[in-house]
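Numbering (the numbering used here), first residue to last: 32 to 569.
Even for Gly, the Cβ is constructed at its ideal location relative to N, Cα and C.
Computed from a predicted model, the values in this text were never measured in an experiment.
Everything below concerns the one structure shown next.
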Amino acid sequence: MSLRPLQERTLARVLREQAVALRDRNFLLYQGQSFTYSQAYELSCRIAAGLHAAGIRPKQHVAIMMENRPEAVWLNFALGLIGAVAVPINTASRGDLLSYYVRQSDSTSIVADRAFVERLSLVQGQCPLLERAIIFGGEEVEGEDDAVFENVRVISWKDVVAGSASPVSLEPAYSDALQILYSSGTTGPAKGSVISNATAIMSAAKHIEVFGYGAEDVMYTCLPLFHGNALNCTVLPALMAGATVALSPRFSTSRFWKEINECGATRTSLLSAMINFLWQKDPSDEEQSHQLRTCLIVPAPEFAEDFEKRFNVTITSLYALGDFGYATMLGPDDPRDKIRSAGHVLPEMEVSILDEDDLPVPPGQVGQICLRNREPWFARQGYYNMPEAWAKLLRNLWFHTGDLGWLDEDGYLYFSGRDKDVIRRRGENISAIQVEDVIRRHPAVADVAVYAVKAELLEDEVMASVVCKDGHVVDFVELTRFCAPQMAYFMMPRFVEVLPELPLTATGKVEKYKLREAAMARLDEVWDREKTGIVLEK
Numbered sequence: 032m033s034l035r036p037l038q039e040r041t042l043a044r045v046l047r048e049q050a051v052a053l054r055d056r057n058f059l060l061y062q063g064q065s066f067t068y069s070q071a072y073e074l075s076c077r078i079a080a081g082l083h084a085a086g087i088r089p090k091q092h093v094a095i096m097m098e099n100r101p102e103a104v105w106l107n108f109a110l111g112l113i114g115a116v117a118v119p120i121n122t123a124s125r126g127d128l129l130s131y132y133v134r135q136s137d138s139t140s141i142v143a144d145r146a147f148v149e150r151l152s153l154v155q156g157q158c159p160l161l162e163r164a165i166i167f168g169g170e171e172v173e174g175e176d177d178a179v180f181e182n183v184r185v186i187s188w189k190d191v192v193a194g195s196a197s198p199v200s201l202e203p204a205y206s207d208a209l210q211i212l213y214s215s216g217t218t219g220p221a222k223g224s225v226i227s228n229a230t231a232i233m234s235a236a237k238h239i240e241v242f243g244y245g246a247e248d249v250m251y252t253c254l255p256l257f258h259g260n261a262l263n264c265t266v267l268p269a270l271m272a273g274a275t276v277a278l279s280p281r282f283s284t285s286r287f288w289k290e291i292n293e294c295g296a297t298r299t300s301l302l303s304a305m306i307n308f309l310w311q312k313d314p315s316d317e318e319q320s321h322q323l324r325t326c327l328i329v330p331a332p333e334f335a336e337d338f339e340k341r342f343n344v345t346i347t348s349l350y351a352l353g354d355f356g357y358a359t360m361l362g363p364d365d366p367r368d369k370i371r372s373a374g375h376v377l378p379e380m381e382v383s384i385l386d387e388d389d390l391p392v393p394p395g396q397v398g399q400i401c402l403r404n405r406e407p408w409f410a411r412q413g414y415y416n417m418p419e420a421w422a423k424l425l426r427n428l429w430f431h432t433g434d435l436g437w438l439d440e441d442g443y444l445y446f447s448g449r450d451k452d453v454i455r456r457r458g459e460n461i462s463a464i465q466v467e468d469v470i471r472r473h474p475a476v477a478d479v480a481v482y483a484v485k486a487e488l489l490e491d492e493v494m495a496s497v498v499c500k501d502g503h504v505v506d507f508v509e510l511t512r513f514c515a516p517q518m519a520y521f522m523m524p525r526f527v528e529v530l531p532e533l534p535l536t537a538t539g540k541v542e543k544y545k546l547r548e549a550a551m552a553r554l555d556e557v558w559d560r561e562k563t564g565i566v567l568e569k
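Listed below in structure tokens is the structure:
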């Protein structure tokens, strides 16, 4: 699609213009409800007015901790209308991680589901800039929310939406931040990537161009709205293409094809774990009677060709770094013998595969994937309040991703793995460092190494190798209960072992590859949380 002039690349302008042009066309479907483009705009304006009346101003940061529902979409739009910055937070966050997101982002407000009030109340003292909490849903008891917050103004969602739906007059600039999206902090504290209005609009336009999205499409997502995938790979491209979003609360293996058929979905995006679950499910008539045309999968599975054949869909893919932006895309019109690649390099980006000396390697040879943008505003704008961490990755005019891959003779990128200390589980990047920090607080633990192992679904599972303090013994069940309140459920180690010491390099770094190799050779003998029947709170 042709891009509008740079100065017009804002979410506010796109939303306003689409509401006028596509007034009565369905924009969002959710559990039997439907919302037209004009209704989406009206609801977003009403929330924007309520937020402004509550004291939220342009360029202020607003944390969001909400499950998938239409109101979460309107809230993101509303913040874009008034020029405030959305800071989506993983709804599994709790304890130190939750307070870190709110504090590091300088969020002065948070909008949260009532289910998360208790978690927020426990960390409010660690968030000195937090001024107001807007609470959505649940049974509201007068004065109850005020009682659990100190020095934080509590506002009901009902009060936010009670005002005028008149269009707000604020007009953000293309260069203004629209979102701060957090990585997992795989090499240290979690980093918030700043995404400008222009970057979000340009990226969505590229999705439309390469993947061929159009007004006739119904774009289904069951991925969480606190992730860039649902927001920036589905909702925003659909808005710009004049398409319809079909939003599901969450992924369900048993209901997936039923939901796809009910909403008439033509496009979707899935994570590797979801693909495995669907692949292992017994074949059914539902998986053949759909209208689904393409499925965006990152990375494409080893059985990609068989997946396309069984489910009668075309796989699309891409390579993107949450820290930097989109670099390659594999569209439905790309040669199908490239199906296991992440696609061709986008004209807005340069991709080079470099060795340890930052010298390019020949096609077919694995090295580090390095990026730089050719088009102003196409890449993201760095880490919020962490310039040193950003600068550390920029070397010899290239952004070093820490990912390994190779380019073929035709310029298609193939992802080989991660060079960083990262665990990928159920679509989440898990910081081994953050998990280790929590485990080290246990009074019986002297040291620990956390790393990924492969289990049944050939996906990363979290394993911890623990060294006990002299005279102490670690009880694995008790260790699990110790960690649970301090980290998200998906970060919790599944496998735990005790070792007399950790293998170290000459410079004192833990040789995790040795731990991983040893663990994989005897994984059936290692303590496994899932075999104990322990249920983690989500």
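Under 8 angstroms between C-beta atoms of Leu-110 and Ala-117: Numbered from 1 along the sequence shown, position 79 holds the residue referred to as residue 110. Numbered from 1 along the sequence shown, position 86 holds the residue referred to as residue 117. A contact, by the Cβ cut-off of 8 angstroms.
Backbone secondary structure at Gly-395 - three-state DSSP: Mapped onto the sequence shown, residue 395 falls at position 364. Taken through DSSP and simplified to helix, strand or coil, Gly-395 comes out as coil.
Start-to-end residues for the beta strand (DSSP E) that takes in Val-61: Here the question's residue 61 lines up with position 30 in the sequence shown. A quick correction: the sequence has Tyr, not Val, at residue 61. Looking at the DSSP string, the run of the beta strand (DSSP E) that includes Tyr-61 is 57 to 61.
Top-ranked residue by Cα proximity to Leu-60, from Tyr-244, His-473, Ala-274 and Ser-372: Translated into positions along the sequence shown, residue 60 becomes position 29. Measuring C-alpha to C-alpha distances from Leu-60 to each of Tyr-244, His-473, Ala-274 and Ser-372 identifies Ala-274 as the nearest.
Touch test, the stretch 391 to 404 against the stretch 348 to 357, Cβ-Cβ under 8 angstroms, three pairs minimum: Touching, per the Cβ criterion.
Residue burial classification, Leu-425 (beta-carbon count within 10 angstroms, cutoff 16): The count along the sequence shown starts at 1 and reaches residue 425 at position 394. Sixteen is the threshold: since fewer than 16 other Cβ atoms of the shown chains lie within 10 Å of the Cβ of Leu-425, the residue is exposed.
For Glu-492: DSSP bridge partner residues: Sequence index remark: in the sequence shown, residue 492 carries index 461 (1-based). The partner list for Glu-492 (beta bridge, DSSP) reads Val-484.
Minimum length 4: unbroken alpha helix (DSSP H) runs contained in the stretch 227 to 276: Counting only runs that start and end inside the stretch 227 to 276, the alpha helix (DSSP H) elements of at least 4 residues fall at 228 to 242 and 267 to 272.
Rounded C-alpha distance that separates Pro-89 from Thr-297: Here residue 89 refers to the residue found at position 58 when the sequence shown is read from its first residue. Here residue 297 refers to the residue found at position 266 when the sequence shown is read from its first residue. Roughly 37 angstroms between the two C-alpha positions.
Counted within 10 angstroms of its Cβ, other Cβ atoms place Tyr-415 as buried (16 or more) or exposed: Within the sequence shown, numbered from 1, the residue matching residue 415 stands at position 384. Tyr-415 should be labelled buried.
Contact belief for Thr-230 with Arg-411 at Cβ below 8 angstroms, rounded distance in angstroms: Start at 1 with the first residue of the sequence shown, and residue 230 comes out as number 199. Start at 1 with the first residue of the sequence shown, and residue 411 comes out as number 380. Contact check for Thr-230 and Arg-411: beta-carbon distance about 6 angstroms, within the 8 angstroms limit, so the pair qualifies.
Close beta carbons around Ser-383, own chain, < 6 angstroms, minus the five adjacent residues each side: Counting from one through the sequence shown, the residue named residue 383 turns up at place 352. Only Pro-391 and Cys-401 meet the Cβ criterion.
Cβ-Cβ separation, Leu-323 to Ile-346 (assumed contact under 8 angstroms), whole Å: Position 315 of the sequence shown, counted from the start, is the residue given in the question as residue 346. Position 292 of the sequence shown, counted from the start, is the residue given in the question as residue 323. Not a contact, Cβ separation roughly 11 angstroms.
Other residues of its chain near Thr-538: CB distance less than 8 angstroms, five sequence neighbours each side excluded: For the purposes of this step, residue 538 is taken as the residue at position 507 of the sequence shown. The predicted position of Thr-538 is uncertain, since its pLDDT is 46 and thus under 50; no value can be drawn from it.
Helix, strand or coil at Ile-2 according to DSSP, with G and I counted as helix: The requested residue 2 is not part of the displayed model; the chain covers only 32 to 569.
Same chain, Cβ closer than 7 angstroms to Leu-535, five either side skipped, listed in chain order: Here residue 535 refers to the residue found at position 504 of the sequence shown. Cβ-Cβ distances below 7 angstroms link Leu-535 to Val-541 and Glu-542 in the same chain, with the five nearest sequence neighbours on each side left out; the list follows chain order.
Residue of Leu-510, Met-518 and Gly-502 minimising C-alpha distance to Pro-531: Reading the sequence shown from its first residue, position 500 is the one you call residue 531. Out of Leu-510, Met-518 and Gly-502, Gly-502 has the C-alpha closest to the C-alpha of Pro-531.
Chain-order list of residues whose beta-carbon lies under 6 angstroms from that of Ser-496 (same chain, five-residue window excluded): Numbered from 1 along the sequence shown, position 465 holds the residue referred to as residue 496. The residues are Ala-480, Glu-528, Leu-530 and Leu-546.
Rounded straight-line distance, which links the Cα of Val-397 to that of Thr-432: Locating residue 432 in the sequence shown gives position 401, where the first residue counts as 1. Locating residue 397 in the sequence shown gives position 366, where the first residue counts as 1. Computed Cα separation, rounded: 14 angstroms.
Gly-81 beta carbon near the ligand NAP (any heavy atom closer than 7 angstroms): By its list of ligands, the structure shown contains no ligand whatsoever, and the ligand NAP lies outside what it can speak to.
The stretch 249 to 261 in contact with the stretch 297 to 316 per 3-pair CB rule at 8 angstroms: The stretch 249 to 261 and the stretch 297 to 316 touch, with no fewer than 3 CB-CB distances between them shorter than 8 angstroms.
DSSP state of Thr-217 mapped onto helix, strand, coil: Position 186 of the sequence shown holds residue 217. Reliability fails at Thr-217, whose pLDDT of 49 lies under 50, so the model's placement of it is uncertain and no value is given.
Buried or exposed (CB count within 10 angstroms, at least 16 for buried), Thr-563: Locating residue 563 in the sequence shown gives position 532, where the first residue counts as 1. Within a 10 Å sphere around the beta-carbon of Thr-563 sit fewer than 16 other beta-carbons, which makes this residue exposed.
Closest by C-alpha distance to Arg-512, when choosing among Cys-326, Cys-499, His-473 and Glu-548: Translated into the one-based positions of the sequence shown, residue 512 becomes position 481. Comparing C-alpha distances from Arg-512 to each of Cys-326, Cys-499, His-473 and Glu-548 shows the shortest one belongs to His-473.
Where Ser-348 falls, given that 16 or more other Cβ within 10 Å makes a residue buried: Indexing the sequence shown from 1 puts residue 348 at position 317. Buried: at least 16 other Cβ atoms inside 10 Å.
From Ile-461, Arg-553, Trp-429 and Val-148, residue whose alpha carbon lies closest to that of Met-96: Translated into the one-based positions of the sequence shown, residue 96 becomes position 65. Comparing Cα positions, the closest option is Val-148.
Option nearest Val-266 by Cα separation, candidates Ala-235, Ser-285 and Arg-286: Taking the first residue of the sequence shown as 1, we reach residue 266 at position 235. For Val-266, the nearest C-alpha among the options comes from Ala-235.
Environment of Lys-237 [buried if 16+ CB atoms lie within 10 Å]: Counting from one through the sequence shown, the residue named residue 237 turns up at place 206. Classification for Lys-237: buried.
Cβ distance (whole Å) where Gly-223 is taken to contact Leu-212 below 8 angstroms: Within the sequence shown, residue 223 is the residue found at index 192, counting from 1. Within the sequence shown, residue 212 is the residue found at index 181, counting from 1. Rounded, the Cβ-Cβ distance is 7 angstroms, consistent with contact.
Cα-Cα separation, Arg-341 to Ala-351: Numbered from its first residue, the sequence shown carries residue 341 at position 310. Numbered from its first residue, the sequence shown carries residue 351 at position 320. In a straight line, the C-alpha of Arg-341 is about 27 angstroms away from that of Ala-351.
Residues bridged to Gly-223 [DSSP beta-bridge criterion]: Taking the first residue of the sequence shown as position 1, residue 223 is located at position 192. Looking at the DSSP assignment, Gly-223 forms a beta bridge with Tyr-213.
Collapsed DSSP secondary structure at Asp-559 in the structure displayed: Within the sequence shown, the letter at position 528 stands for residue 559. Three-state DSSP puts Asp-559 in a strand.
Sequence-distant residues of the same chain with beta carbon closer than 8 angstroms to Tyr-332, five excluded per side: Here residue 332 refers to the residue found at position 301 when the sequence shown is read from its first residue. Reading off the sequence, residue 332 comes out as Pro, not Tyr. Cβ neighbours of Pro-332 beyond the five flanking positions: Ser-303, Ile-306, Asn-307, Trp-310 and Phe-338.
8 angstroms Cβ shell around Asp-55 - same chain, five flanking residues per side excluded: Along the sequence shown, read from residue 1 onward, the residue named residue 55 stands at position 24. Only Thr-67, Tyr-68 and Ser-69 meet the Cβ criterion.
Beta-carbon proximity of Met-518 to Val-476, cut-off 8 angstroms: Translated into the one-based positions of the sequence shown, residue 518 becomes position 487. Translated into the one-based positions of the sequence shown, residue 476 becomes position 445. With contacts defined by Cβ atoms closer than 8 angstroms, Met-518 and Val-476 do not form a contacting pair.
Endpoints, the beta strand (DSSP E) within which Met-417 is located: What you label residue 417 is simply residue 386 of the sequence shown in a count that begins at 1. Run containing Met-417: none; DSSP gives neither H nor E here.
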